Amino acid sequence: MIVNIITKEDLQEFKDDLLKDIKNLFNIKISEQKLWLRSSEVKELLNISSGTLQNLRNEGKLNYTRVGGTLYYNYEDIEEMLKKKDKQ
């Protein structure tokens, strides 16, 4: 029977590698953020109703693009709208 001895240095190296891998996963998730969201995703993100989303479009507060019968919203526009709301 072979016995492997784990040292503090081994544990520290394992910890460092694990943290690096976790950080890489978070960076990948951030870079995979969708640029365009559907209405249902925007409503969920902002916790608003369909009527409120319609009002934001009608008032020109939230730009959108129609592709076929589907409305898409730019994620950066939503972030900008939220930043303006925070400043008020």
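Oh and the sequence shown: position 48 is 48 in full-length UniProt numbering, straight run, nothing missing. Positions of the beta carbon are idealized from the N, C-alpha and C atoms, including for glycine. Small disclaimer: the values here were computed from a predicted structure and weren't measured.
What does residue i pair with, by DSSP beta-bridge criteria?
| i | result |
| --- | --- |
| Tyr-75 | DSSP output for Tyr-75 lists no bridge partner at all. |
| Thr-70 | Val-67 |
Following the continuous beta strand (DSSP E) through residue i, name the residue where it begins and the one where it ends.
| i | result |
| --- | --- |
| Thr-65 | 65-67 |
I need the boundaries of the alpha helix (DSSP H) containing residue i, first residue and last residue.
| i | result |
| --- | --- |
| Leu-37 | That residue, Leu-37, is in no alpha helix (DSSP H); its beta strand (DSSP E) goes 36-38. |
| Leu-56 | 50-58 |
Where does residue i land, buried or exposed, given buried means 16+ other C-beta within 10 angstroms?
| i | result |
| --- | --- |
| Leu-53 | buried |
| Leu-18 | exposed |
| Leu-56 | buried |
Give me the Cβ distance between residue i and residue j, rounded to the nearest whole Å; I'm assuming they're in contact under 8 Å.
| i | j | result |
| --- | --- | --- |
| Leu-35 | Asn-4 | That pair is no contact at about 48 Å. |
Cutting at 6 Å between CB atoms, please list the residues of its own chain near residue i, excluding the five before and the five after it.
| i | result |
| --- | --- |
| Lys-43 | Leu-53 |
| Leu-46 | none |
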